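The sequence shown begins at 1 in full-length UniProt numbering and counts up by one.
Heads up, the beta-carbon is just placed ideally off N, CA and C, and yes, glycines get one too.
Note that this is a predicted model, so its numbers are computed, not measured.
So the structure is just underneath, and the comments pick up after that.
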Amino acid sequence: MDMRWKHLRQADLNLLVAFAIFAEELSITAAGERLFLSQPAASRTLQRLQTLFNDDLLIRGAGGYQLTPAGVRLQAELNRLLPQLDGLLGHPSFDPASEEASFRLSGPDNVCSALCPLLCQELLPSAPHVDLNFVPWSETRIGDLDRGRLDIALSNDDVLIPSHLRAQALYQERWHCIVWRGNRLPARLSLEQYLAAEHIMVSTLDSVQTIPDKRLAALGKTRRSALRLPYFGTALECLPHTKLILTATSSMARIARTNPELRVIAAPSEVTPFSFQAIWHPRLNSDPAQLWLRQHIFRLGEKLQRSLGAKG
């Protein structure tokens with residue numbers, strides 16, 4: 001008998017997939033749901049894994065389940081190996097014209113407002129069986145990449161990203177001020193005029209400073225926020241017949257220019273630009289469908305950069 005790969009011949013490779021899910025969820029119940037197993041069946045699967053590797057792998061701690069050192073090492077190896085094995089057994093490439101795929105993405109509404117129209121116009125028509133599911137942006141979305149609940153996060157470059165995740169810049173955004181057309185304000189605000197005004201602040205994150213406020217904080221300055229909202233679209237509707245100022249990106253300013261009641265003026269130069277980026281987990285690096293989507297998003301990011309660079 002050929003003794004090569006003795007342990008591999010005796011093992012159920014589906015257990016490796018199951019462990020990858022256990023390691024992501026750190027919950028027997030949640031892992032069972034993703035594996036379509038009842039909780040008793042999920043517990044038995046974990047027991048088989050513990051027997052196979054002669055280690056507890058996943059143990060209950062004070063704050064819930066956590067991986068043992070052997071479990072951490074196994075997770076790192078599987079993050080590298082499982083995509084390669086899946087590619088070996090599956091399709092070496094992705095054909096968007098005939099294959100089905102469903103992706104989960106998340107990002108603030110200003111990047112979605114810029115990117116989603118291009119995705120609908122240039123990507124979806126050639127991919128009739130592809131679904132793009134955007135979920136609301138929140139502080140937990142970066143962690144969802146680790147948990148396998150999100151494929152791509154779209155965020156600004158001020159967000160701290162764990163070193164094991166991958167990221168690529170998409171395009172740079174400049175800041176503009178949107179006001180009611182009846183406001184008698186100059187074409188460009190000075191910092192003093194900006195700070196003296198009342199503002200609409202847009203943020204989906206309760207405890208996090210917005211980028212304009214971070215820029216001001218670096219100068220030892222603050223602005224008064226009279227109204228705080230989670231959506232730019234709602235903020236635009238609140239501007240007419242007020243003295244409020246909405247600080248928004250180039251893509252949102254382009255939308256505002258279509259409203260005859262609004263005017264777009266230049267933000268103070270101290271409110272400096274930033275970039276949007278795409279973030280994903282390295283286990284998806286080689287997946288053909290994921291690679292196809294990322295390449296299209298990168299290309300559309302370059303297109304937005306050219307467009308926004310030309311229009312300002």
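What are the boundary residues of the beta strand (DSSP E) that residue i is part of?
| i | result |
| --- | --- |
| Asp55 | Segment: none, Asp55 is in no beta strand (DSSP E) and carries neither H nor E. |
| Ile279 | 274 to 280 |
Report buried or exposed for residue i, applying the criterion of at least 16 other Cβ atoms within 10 angstroms of its Cβ.
| i | result |
| --- | --- |
| Arg188 | exposed |
| Glu173 | buried |
| Ile245 | buried |
| Met1 | With a pLDDT of only 42 at Met1, under the threshold of 50, the placement of this residue in the model should not be trusted; the figure read from the coordinates follows. Exposed, by the Cβ-count rule. |
| Ala248 | buried |
| Pro108 | buried |
| Arg215 | buried |
| Asp158 | exposed |
| Gly301 | buried |
| residue 343 | Because the chain is modelled from 1 through 312, residue 343 falls outside the range shown and cannot be assessed. |
| Ser251 | buried |
If you measure between the beta carbons of residue i and residue j, is that distance less than 8 Å?
| i | j | result |
| --- | --- | --- |
| Asp151 | Leu291 | no |
| Ser190 | Pro268 | yes |
| Gln277 | Gln168 | yes |
| Pro282 | Arg166 | yes |
| Trp180 | Leu262 | yes |
| Val202 | Tyr171 | no |
| Pro288 | Ser93 | yes |
| Ser43 | Ile59 | no |
| Leu16 | Leu82 | yes |
| Ser155 | Ile297 | no |
| Ile178 | Ala114 | no |
| Ala18 | Leu49 | yes |
| Ala97 | Ser126 | yes |
| Ile211 | Ala235 | no |
| Ile265 | Leu160 | no |
| Leu26 | Gly64 | yes |
| Asn183 | Lys243 | yes |
Confirm the yes/no value for this check: CB of residue i, any heavy atom of the ligand NAP, distance under 7 Å.
| i | result |
| --- | --- |
| Glu270 | The ligand content of the structure shown is nil, which means the ligand NAP is not present either. |
Taking the alpha helix (DSSP H) that residue i belongs to, which residues open and close that run?
| i | result |
| --- | --- |
| Gly32 | 28 to 35 |
| Ser286 | That residue, Ser286, is in no alpha helix (DSSP H); it is neither H nor E in DSSP. |
| Glu237 | 232 to 237 |
| Arg215 | 211 to 218 |
| Ala11 | Careful: Ala11 lies outside any alpha helix (DSSP H) and carries neither H nor E. |
Which residue or residues does DSSP assign as beta-bridge partners of residue i?
| i | result |
| --- | --- |
| Ser307 | None; Ser307 has no bridge partner. |
| His199 | Ser225, Ile245 |
| Val135 | Ser106 |
| Cys177 | Thr247, Ile265 |
| Ile152 | Leu105 |
| Arg60 | Tyr65 |
| Ala253 | According to DSSP, which records beta bridges pairwise, Ala253 is partnered with nothing at all. |
| Gln172 | Ser275 |
| Ala167 | Ile279 |
Assess, as a yes-or-no matter, whether the stretch 125 to 137 is touched by the stretch 99 to 106 under the definition of 3 or more beta carbon pairs within less than 8 Å.
-> Of all C-beta pairs linking the stretch 99 to 106 to the stretch 125 to 137, three or more are shorter than 8 Å, placing the two stretches in contact.
Do the stretch 15 to 34 and the stretch 68 to 85 touch if we need at least three Cβ pairs shorter than 8 Å?
-> Yes, the stretch 15 to 34 is in contact with the stretch 68 to 85.
Given 8 Å as the limit, is there contact between the stretch 225 to 235 and the stretch 77 to 88, that is, 3 or more CB pairs closer than that?
-> Contact fails: fewer than three Cβ-Cβ distances are below 8 Å.
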